[in-house]
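Residue numbers (our numbering): -14 to 285.
C-beta atoms are modelled at their ideal positions from N, C-alpha and C, and glycine is treated no differently.
Keep in mind the model is a prediction, meaning the values are calculated, not measured.
Worksheet for the structure shown next.
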Amino acid sequence: MRYPRLRYHNERGWLSASDALLICFYIPHPNERIAPAVIRAVECFRERIRPYPFVWNDTGDGQAEPLDDASWERTRRKTLDAEPGGSGSLRLEGKDPGVDDLLVDYRGLSPVPLPWPERKEDVCVLYLRLPTEFLEERGAEHVHALALELAVELPFASGYVDFILCSSLLHEVGALELIRSRYPGVHLTSSGATMYVGTRVEGVHWMNFLGQPVLGELGGMSGLRERLALPGITLQEMSGERVLITLGERPEVGEVEADPRLAPYRVLARVLEPCLYRRKSMFGRPVPEELLRWDRRFLE
């Protein structure tokens, strides 16, 4: 299947939004507990996507250095050895860092929850972005297997895999115009890891990973089986009170609003509604109504 090429350039002509394939996990545990599993997931990801290359390693001080074995080992040790209360973050980029290229963005927090009231819901995030060509070349079955392999050891609250439009925060409204009238299946999200989704669920997707506390709030595996026993919806139980819900054989963009291939998305949206994330005001700016409506498109 071929996917649409979506590009939004800002008023200066810079690329600010692009289509991509995204694998993302939200993990409500401190870095010192999950760092070994995260490092194994990142190393597995790098190996499985070859020959797609990561070229740059963000050192964490606003600088980037070429990614080689020595550079990776320094970042690996920094993440694994971070003391309680310290950051375990890492960021790997492709040849041309930007919204249309490879990205691994891990934000590791300690402690979780953070002590500041305005950030008490923040969690650790592992954000893995690939160009759309990877999905088209390898196929959805390969992507499904890769994401499941990465998820096995991660104690996530939620996670997902989908064809997305990733955008800088400042240009989401402009980027939305690329999909609003034509591709109701496309998820609009940020161009990097965002910790404030917390233990909520960031929308409805092709692959939906649910863990605790979300799974418990929805009645557990038995409750989901009863409510999602429909064609086009597959439930796969995972160890550690986790589940994967897959909608159809591949990510769907939805050529029209009433596309029947999006029917499972609407069913799952109604089930997940109590746990769905609602965008928050950022930097004192209210959330544009267009974005809120787009996030609820499967519920209206």
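For residue i, is the classification buried or exposed, using 16 other Cβ atoms within 10 angstroms of its Cβ as the cut-off for buried?
i	result
H(-6)	exposed
E258	exposed
E(-4)	exposed
E17	buried
R(-13)	exposed
R92	buried
G225	exposed
R76	buried
P216	exposed
W(-1)	exposed
D4	buried
G188	buried
G205	exposed
F39	buried
S1	buried
F30	buried
E275	exposed
A55	exposed
D107	buried
S266	exposed
D43	buried
S297	Since the displayed the chain opens at -14 and closes at 285, residue 297 lies outside it and no answer follows.
E122	exposed
E211	exposed
E157	buried
Taking the continuous alpha helix (DSSP H) assigned at residue i, which residues delimit it?
i	result
H(-6)	Careful: H(-6) lies outside any alpha helix (DSSP H), inside the beta strand (DSSP E) at -8 to -6.
R123	117 to 123
D280	274 to 280
L161	157 to 161
Determine whether the beta carbon atoms of residue i and residue j lie at a separation below 9 Å.
i	j	result
L232	L209	no
G79	Y37	yes
D86	R114	yes
C150	V171	Here residue 150 turns out to be Leu, not Cys, going by the sequence shown. A contact, by the Cβ cut-off of 9 Å.
L133	C109	no
Y112	D81	no
W57	A49	no
V199	V186	yes
Y168	V238	yes
F10	L139	yes
L131	R33	yes
P13	T184	yes
A47	S74	Ala is not the amino acid found at residue 47; the sequence shown has Gly there. Not closer than 9 Å, so no.
R263	F283	no
L155	L213	no
R61	I24	yes
L135	A20	no
V137	L203	no
G177	L99	no
Could you check where the beta strand (DSSP E) with residue i kicks off and where it finishes?
i	result
G144	143 to 152
E78	75 to 78
L88	88 to 92
S175	172 to 175
With a cut-off of 9 Å, does the C-beta of residue i fall near any C-beta of chain B?
i	result
P140	Note that chain B does not occur in the displayed structure, where there is just one protein chain.
Examine the Cβ distances between the segment 189 to 207 and the segment 143 to 152 and report whether three or more of them are shorter than 8 Å. The segment 189 to 207 and the segment 143 to 152 touch, with no fewer than 3 CB-CB distances between them shorter than 8 Å.
Considering only residues of the segment 185 to 253, which uninterrupted beta strand (DSSP E) runs meet the minimum length of 3 residues and lie entirely inside it, listed in chain order? Within the segment 185 to 253, the beta strand (DSSP E) runs of at least 3 residues that lie entirely inside it are, in chain order, 192 to 195, 218 to 223, 227 to 232.
Continuous beta strand (DSSP E) assignments of at least 3 residues falling wholly in the segment 7 to 62: For the segment 7 to 62, whole beta strand (DSSP E) runs of length 3 or above, ordered along the chain, are 41 to 43, 49 to 51.
Report yes or no: do three or more beta-carbon pairs, one from the segment 151 to 164 and one from the segment 117 to 126, lie closer than 8 Å? Verdict: no, contact absent.
Should the segment 211 to 231 be regarded as contacting the segment 172 to 183, the criterion being three or more beta carbon pairs within less than 8 Å? In short, these stretches do not touch, since the Cβ pair count stays below three.
Kindly confirm or deny that the segment 56 to 70 and the segment 97 to 104 touch, where touching means at least three C-beta pairs closer than 8 Å. No, the segment 56 to 70 is not in contact with the segment 97 to 104.
Does the segment 238 to 253 come close enough to the segment 266 to 281 that 3 or more CB-CB pairs lie under 8 Å? The segment 266 to 281 and the segment 238 to 253 do not touch, with fewer than 3 CB-CB distances between them shorter than 8 Å.
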